[in-house]
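Since the structure comes first, as structure tokens, the remarks are kept for the end.
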Amino acid sequence: MKKYLVLGLFVLFSFTACSRESSYIKDVRRTSKNIILPETDRHPSFRPYVVNGEKYYPLPESDGFVQFGKASWYGKKFHGHTTSSGEKYNMYAKSAAHKTLPMGTYVRVLNLDNKKDIIVRINDRGPFVKGRIIDLSYAAARKIGLVNAGVVRVKIEALGKKVGEVKTKQGIKPVVEAEDLNTGVFTIQIGAFKNKNNAFMLLSRLKVIFDYVQVTTQHNKDEGTIYKVWVSKSNTLLKAEEIEKKLEAMGFEQAFIVSL
1 MKKYLVLGLF
11 VLFSFTACSR
21 ESSYIKDVRR
31 TSKNIILPET
41 DRHPSFRPYV
51 VNGEKYYPLP
61 ESDGFVQFGK
71 ASWYGKKFHG
81 HTTSSGEKYN
91 MYAKSAAHKT
101 LPMGTYVRVL
111 NLDNKKDIIV
121 RINDRGPFVK
131 GRIIDLSYAA
141 ARKIGLVNAG
151 VVRVKIEALG
161 KKVGEVKTKQ
171 GIKPVVEAED
181 LNTGVFTIQI
191 GAFKNKNNAF
201 MLLSRLKVIF
211 DYVQVTTQHN
221 KDEGTIYKVW
231 VSKSNTLLKA
241 EEIEKKLEAM
251 GFEQAFIVSL
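Written out as structure tokens, the structure reads:
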């Protein structure tokens, strides 16, 4: 019986969800600090956009953002072309493309295979290939051993909030800090709907399997009210990741972790 229930949930989600996102965590606690000297920031656009029939919703801020997935890179073919931020792509600069992070966000990218990491600045949109979460510039890819591999497993962590300033030869630069995301209260988002009834229909079916299921709302200027379905509560990131994997196995491949 549960087998058919799970299949029904997957079909419902596939036809009614209005947005899909890769796995990410959002938390607001801060402990470890990392000094970053940013370049000139551009004003990001938060307007939703569509690529290959898929709608993406840029995040209004990046504090606490962590994501796991695959990284790729792009180089000579795009060198000198205009990026989504309006800047010219420079394959020798440490930059990257991400589908939803605000432009100008600094991100630490960790190669999970060799433990090498690099800090890059988001100035483009992409990659629009299933399973890939970030496209690095040639220079950044080379630093973490990605160039020859082509695609590697990574963890990306946004370095977000400004906590001070430091004087450099180029002038006054902001200091930002990274996040500690191991403990807290976490839930899993499995869908976002324009239709309220669809969200609550999914909620009622999931209550048969999970103790905690909730619908929360987000008001978007362009899209109106979005109804998000959250499943489970966990006190550690490790436990949340276990539940996320369970949901993915049930057919919710785009489930992701949210910190409450």
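Numbering (the working numbering), first residue to last: 1 to 260. Ideal placement from N, C-alpha and C gives every residue a C-beta, glycine not left out. Computed from a predicted structure; not experimentally measured.
Spatial neighbours of residue i within its chain, please: C-beta separation below 7 angstroms, excluding the five flanking residues on both sides.
i	result
Lys99	Tyr56, Arg125, Gly126
Gln214	Trp230
Leu112	Arg153, Val154, Lys155
Ala249	none
Ser232	Thr187, Ile188, Phe210, Tyr212, Ile243
Between residue i and residue j, is the Cβ-Cβ spacing less than 8 angstroms?
i	j	result
Val135	Tyr74	Looking at the sequence provided, one finds Asp at residue 135 rather than Val. Contact flag set, yes.
Ile190	Leu238	no
Val51	Phe128	yes
Ile209	Ile243	no
Ala93	Ser137	yes
Val147	Ala71	no
Asp117	Val107	no
Quick check on residue i: does DSSP put it in helix, strand or coil?
i	result
Phe193	strand
Ala149	coil
Arg205	helix
Leu256	The question names Leu, yet the displayed sequence has Phe at residue 256. In this structure, Phe256 counts as strand in the three-state DSSP scheme.
Lys233	strand
Phe200	helix
Lys228	strand
With which residues is residue i paired in a DSSP beta bridge?
i	result
Asp124	Ala97
Gly131	None; Gly131 has no bridge partner.
Lys70	Arg132, Arg153
Lys88	Thr82
Val185	DSSP output for Val185 lists no bridge partner at all.
Leu159	Tyr106
Asp211	Beta-bridge pairing links Asp211 to no other residue.
Asp117	Leu110
What residue range is occupied by the uninterrupted beta strand (DSSP E) comprising residue i?
i	result
Glu272	The chain is shown only over 1 to 260; residue 272 falls outside these bounds and no answer can be derived.
Leu110	106-111
Tyr49	49-51
May I ask you to check if the CB of residue i is nearer than 7 angstroms to at least one heavy atom of the ligand GDP?
i	result
Tyr138	The model depicted lacks the ligand GDP and carries no ligand whatsoever.
With respect to the alpha helix (DSSP H) encompassing residue i, which residues constitute its N-terminal and C-terminal limits?
i	result
Lys55	No alpha helix (DSSP H) holds Lys55; the beta strand (DSSP E) holding it covers 54-56.
Lys143	138-143
Return the chain-ordered list of same chain residues with a C-beta closer than 6 angstroms to the C-beta of residue i, the five sequence neighbours on each side being excluded.
i	result
Asn114	Gly145
Lys207	Val213
Ala141	Trp73, Val147
Could you tell me whether the Cβ of residue i comes closer than 8 angstroms to any Cβ of chain D?
i	result
Leu112	No chain D is present in this structure, which holds just one protein chain.
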